[in-house]
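Its first residue numbered 3, the sequence shown is counted upward by one per residue in our numbering. All C-beta atoms in this analysis are idealised placements derived from N, C-alpha and C, irrespective of residue type, glycine included. Working notes, beginning with the structure itself.
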Amino acid sequence: MKIKYELIKNDKKARHGILHTNYGSFETPMFMPVGTLANVKTLTPEEVKEAGSAVILSNTYHLWLRPGEDIVAKAGGLHKFMNYDGPILTDSGGFQVFSLAKNKKKDITEEGVHFKSHIDGKSLLLTPEKSIEIQNKLDSDIAMSFDECPPASATHEYLKNSLERTLRWAKRGKDVHANENQSLFGIVQGGPYEDLRKESATKTVELDFDGYSIGGVANDGESKEDMYKAIDYSIPYLPEDKPRYLMGVGEPVDILEGVARGIDMFDCVLPTRIARHGNAFTRSGKINLKNLKFREDFTPIEENCDCYTCRNFTKGYIRHLLVANEQLSGTLLSIHNIRFLIKLTEDIRKSIDEGKFDEFKEEFINKYTK
Numbered sequence: 003m004k005i006k007y008e009l010i011k012n013d014k015k016a017r018h019g020i021l022h023t024n025y026g027s028f029e030t031p032m033f034m035p036v037g038t039l040a041n042v043k044t045l046t047p048e049e050v051k052e053a054g055s056a057v058i059l060s061n062t063y064h065l066w067l068r069p070g071e072d073i074v075a076k077a078g079g080l081h082k083f084m085n086y087d088g089p090i091l092t093d094s095g096g097f098q099v100f101s102l103a104k105n106k107k108k109d110i111t112e113e114g115v116h117f118k119s120h121i122d123g124k125s126l127l128l129t130p131e132k133s134i135e136i137q138n139k140l141d142s143d144i145a146m147s148f149d150e151c152p153p154a155s156a157t158h159e160y161l162k163n164s165l166e167r168t169l170r171w172a173k174r175g176k177d178v179h180a181n182e183n184q185s186l187f188g189i190v191q192g193g194p195y196e197d198l199r200k201e202s203a204t205k206t207v208e209l210d211f212d213g214y215s216i217g218g219v220a221n222d223g224e225s226k227e228d229m230y231k232a233i234d235y236s237i238p239y240l241p242e243d244k245p246r247y248l249m250g251v252g253e254p255v256d257i258l259e260g261v262a263r264g265i266d267m268f269d270c271v272l273p274t275r276i277a278r279h280g281n282a283f284t285r286s287g288k289i290n291l292k293n294l295k296f297r298e299d300f301t302p303i304e305e306n307c308d309c310y311t312c313r314n315f316t317k318g319y320i321r322h323l324l325v326a327n328e329q330l331s332g333t334l335l336s337i338h339n340i341r342f343l344i345k346l347t348e349d350i351r352k353s354i355d356e357g358k359f360d361e362f363k364e365e366f367i368n369k370y371t372k
C-alpha cells in the first residue's frame, strides 16, 4: 500500500495525525532519524527502534555511489539490506548533489545536474528519471522528487527559474515512477518569497503527489526568519489530507515552530552529529559533556529521561568515554539525542490533544533558550 494520512486533532494549525504504512501506523508530528548510508550512525536498528522511531531516512545519492542501487535491490530492498522493520523514506539526492559535489562545481541543465563525485571525482549525471529509478530499486516506502536546491543567497529571479525547473523535473519523475507500493512526495521551493512559494506549492499540488515537503529551508546562511516565512507561505496551499514534511530540520525550537505552522514530519542528522562531538540535548538547552564540570557528575544526562542511556549511565561516565576517545560515547549520546527529539514530538501530540500546544511550546522554548 501507499502511505495514507489521517488527521486526528487540530490545535489551531498544529496537527496530530496518523501515517498509515506497510509497516504499521505511526503518529505525527514525528521526527525521523537519518540513516544516510543505510545505517543511523553508531546505532543498530534495534537501538533506533527502542528510541521510538517510526520512519527513518536514507539517502539516494550516497546509496547510488555505494554500494549501488542494484546491490540493494538484489539484497531484497533497503528494508532487508539494513534490517530495519519499519517505514523508510529516501531523499532524492538533490541536496547532496548541490552540497557535496567535488569542489562544489556542477552544471545545472534541463536534463539534470552534471557534477563530480565527492568520493573519487568521477563525472556523474543525476536526472529526475535516474533519481526515481534508483529509489524504485531501493524500494523505500516514500520517495522524494528530484529538485534543485538553490543557495540561501539566490535572487528572486534565480529562484523563480529554479522552482519552474523543479516543477518540470517533478512531473518527469512522477511520469516514470513505477513502484506501486512506494509513495512519492513533491517538493515546494521558492526561498523566502511569498509569491514564489505560492506558485510552487499550488503547481506542485496540481501534480497530485502522495505528500508534500517544504524544501530550501536548511541551507547554509539561511536565517530562522526566512525558514519560518517559507513554511508560512507554503502551508496554506497544501492539502489537509496529506502529510507535510519539513526537510532537514531538527533543532527542538524549529520543530516546535514548524508544528505551530502545520508541519507533520521532520528529519535531520543533527542529533547523531552533535553526539559524536560530545553534545546532548536537554530541556534546558544543549550541553557539552567534554566540559570539565561533568567529570564527577554521576547523574543522568537528564532526570526523568526514559532513554537507555539515561537509565543506565551518568554524565561522568560518558565524559570519561569522550576523553578516552571511546566510540561508545557517540552511541550513548546518539541514543539520548534521538530519543529526546522523538519524546518531544510525543509530548507535542499530547499537548495538541489537550488543546494546550501554545502553552507547551512557550514553556519549552523559555526553558530551552534561557
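If we call anything under 8 Å between Cβ atoms a contact, is residue i one with residue j?
i: L65; j: V74; result: yes
i: F283; j: N339; result: yes
i: H18; j: R351; result: yes
i: R174; j: E131; result: yes
i: K244; j: G213; result: yes
i: N85; j: A154; result: no
i: G2; j: K51; result: Outside the modelled stretch of the chain, which goes from 3 to 372, sits residue 2, for which no answer is possible.
i: L272; j: G287; result: no
i: L248; j: F268; result: yes
i: N24; j: N183; result: yes
i: R2; j: R297; result: Since the first residue of the chain shown is 3 and the last is 372, residue 2 is not available in this structure.
i: R199; j: V207; result: no
i: L127; j: G114; result: yes
i: C151; j: G78; result: no
i: V42; j: T311; result: no
Taking C-alpha atoms, which residue in the options lies nearest to residue i?
i: S55; options: E364, N368, E361, S336; result: S336
i: K76; options: K139, S164, T204, P245; result: K139
i: F187; options: D266, G193, K200, A172; result: A172
i: T316; options: V325, P152, L334; result: L334
i: T347; options: E201, F28, Y63, E8; result: F28
i: I276; options: T44, L9, K200, A40; result: T44
i: K4; options: R278, F211, K124; result: F211
i: G2; options: E49, V57, A53; result: Outside the displayed range of the chain (3 to 372) lies residue 2, so it cannot be described from this structure.
i: T46; options: K372, L330, G79; result: L330
i: T111; options: V178, E166, S60, D72; result: E166
i: D266; options: E328, L294, E242; result: E242
i: S202; options: T168, S185, E227; result: T168
Sort out for me which residues DSSP pairs residue i with in a bridge.
i: E365; result: None; E365 has no bridge partner.
i: G188; result: Y214
i: P35; result: C270
i: N290; result: N281
i: L21; result: Y7, F28
i: H116; result: D109, L127
i: R246; result: Y214
i: D13; result: A16
i: L330; result: BP columns for L330 are empty, so no partner.
i: A388; result: An answer regarding residue 388 cannot be provided, because it is not within the stretch 3 to 372 covered by the chain.
i: S60; result: T92
Around the Cβ of residue i, are there at least 16 other Cβ atoms within 10 angstroms (buried) or fewer (exposed)?
i: G37; result: buried
i: S225; result: exposed
i: D256; result: buried
i: L323; result: buried
i: R263; result: buried
i: S236; result: buried
i: T129; result: buried
i: M229; result: buried
i: L9; result: exposed
i: D353; result: The sequence as given places Ser at residue 353; Asp does not occur at that position. Counting Cβ neighbours within 10 Å, S353 comes out buried, since at least 16 surround it.
i: G223; result: exposed
i: T371; result: exposed
i: T301; result: exposed
i: E304; result: buried
i: E365; result: exposed
**OP:** Count the C-beta pairs between the segment 80-100 and the segment 143-155 that are closer than 8 Å, then say yes if the count reaches three, no if not.
**Re:** Yes, the segment 80-100 touches the segment 143-155.
**OP:** Determine, using beta-carbon pairs with one atom in the segment 248-264 and one in the segment 25-39, whether at least three such pairs fall under 8 Å.
**Re:** Contact between the segment 248-264 and the segment 25-39 is present, with at least three C-beta pairs closer than 8 Å.
**OP:** Decide if the segment 120-128 is in contact with the segment 152-168; the criterion is three or more beta carbon pairs, one per stretch, under 8 Å apart.
**Re:** No, the segment 120-128 does not touch the segment 152-168.
**OP:** Decide if the segment 6-13 is in contact with the segment 354-365; the criterion is three or more beta carbon pairs, one per stretch, under 8 Å apart.
**Re:** Touching, yes, given that three or more Cβ pairs across the two stretches are closer than 8 Å.
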